[in-house]
Amino acid sequence: MLFLVQSNIYSDPDHNRIFDALYDLNIPFEKIELNSETQEIIVKADRNDVFVYGSVKLARLAKANTNWYPGSFYGGNHQYKIYSEYYKENLLNYDVEVFQFGDTNYWKPNEQKFIKPYKDAKIFTGKVFTKTKWTDFVENSLENPKTPLLNAKSLVQASIPKEIYKEARLWIVGEQIVAAVYYKFNGDMVFEAEVAEEGIAFAKQMIAIYEVAEAFVMDICLTNYGWKIVEINCINSAGFYPNLNVHSLVKALNIYFSN
31 MLFLVQSNIY SDPDHNRIFD ALYDLNIPFE KIELNSETQE IIVKADRNDV
81 FVYGSVKLAR LAKANTNWYP GSFYGGNHQY KIYSEYYKEN LLNYDVEVFQ
131 FGDTNYWKPN EQKFIKPYKD AKIFTGKVFT KTKWTDFVEN SLENPKTPLL
181 NAKSLVQASI PKEIYKEARL WIVGEQIVAA VYYKFNGDMV FEAEVAEEGI
231 AFAKQMIAIY EVAEAFVMDI CLTNYGWKIV EINCINSAGF YPNLNVHSLV
281 KALNIYFSN
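For the sequence shown, the numbering used here assigns the number 31 to the initial residue and increments by one for each residue that follows.
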């Protein structure tokens, strides 16, 4: 299988580790740079067994190459409105409200909401907002957009904030968890090197309920209500973390999709 990897990714300091892994494992790959003018993705090699990794834009454009396998898993079942029908109350923000970025939203007195993008997870960082902070954020973003994907009609989702103790990211390939790492501990939670067995068991139960794609990323967290799914991400554009064994992940992807 050929890995088509975007080289001009600067927001993720761990991104370039994928090139070391591909080189060490002797897996063929091509580098590609994207800019605002890029509208089509091609590979130099004459082959269709292609897996892309990079930005959301790369994943989106590569989806058009329907002859590639596995290509890109962008879109489709990764949308909250689809997978929420299966995971239901196992989702951290099942009480979600979806609206347009530029809409006037109703707020109760002194209310706080956790708001994040509905589809394109990287157009802004989800966090807890008050009415004033959200209004200011929307006005500033529309006046000085940092990405063309963010505009008044961009869909966002809001929910009641929950108390989260620790968060982990899991990479799932062929219904199997091939990598799992913590990426955040909150409050006085003691650091753990490996994701807790209870968290892994919870994720396996969720995978058995619904497989979003043949390969995808699941973020989970431990709350005062037990383990919950934070969100589902497209594996083609999901960022790495310093404690992730990128070699093992790349090897697992290559083995599964080369068979």
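For every residue, glycine included, the Cβ atom is placed at its ideal position computed from N, Cα and C.
Taking the Cβ atoms as the reference, MET236 lies roughly 6 Å from ILE259, within the contact range of under 8 Å. For the options ASN95, ALA245 and PHE232, the alpha carbon positioned closest to that of GLU70 is the one of ASN95.
Distance from the Cα of LYS183 is smallest, within the candidate group GLN130, ARG77, ALA268 and PRO139, for GLN130. Your pair LEU52 and PHE33 checks out as a contact, with CB atoms roughly 6 Å apart and the cut at 8 Å.
Burial is judged here by how many other beta carbons sit within 10 angstroms of a residue's own beta carbon; LEU180 has at least 16 and is buried. DSSP places THR253 in the uninterrupted beta strand (DSSP E) bounded by 245 to 253.
Burial is judged here by how many other beta carbons sit within 10 angstroms of a residue's own beta carbon; PRO100 has at least 16 and is buried.
At a Cβ-Cβ threshold of 8 Å, ILE262 and VAL276 do not count as neighbours. Between VAL126 and TYR110 a beta carbon distance of about 7 Å is seen, short of the 8 Å cut, so the two are scored as contacting. The shortest CA-to-CA distance from VAL211 to any of GLU119, PHE49 and ASN273 is the one to ASN273. If you compare the alpha carbons of LEU122, GLY84 and TYR124 with that of TYR40, the shortest gap goes to GLY84. Cβ contact annotation for VAL128 (same chain, cutoff 7 Å, sequence separation greater than five): TYR148, LEU185 and GLN187, in chain order. Per DSSP, the unbroken alpha helix (DSSP H) holding ARG47 starts and ends at 47 to 54.
Looking only at THR253, LYS93, TYR213 and LYS146, the smallest Cα-Cα distance to GLY105 is reached by LYS93. In the three-state DSSP reduction, LYS163 falls in the helix class (H, G or I).
Taking C-beta atoms as the reference points, LYS74 and VAL35 fail to come closer than 8 Å. Secondary structure remark: continuous beta strand (DSSP E) runs of at least 3 residues inside the region 53 to 115, in chain order: 59 to 62 and 80 to 83.
Spatial neighbours of ASN120 in its own chain (CB-CB distance under 7 Å, excluding positions within 5 residues in sequence) are listed in chain order as MET236, LYS258 and ILE259. Within the region 180 to 264, complete beta strand (DSSP E) segments of at least 3 residues are found at 185 to 189, 194 to 203, 206 to 215, 245 to 253 and 256 to 263, given in chain order.
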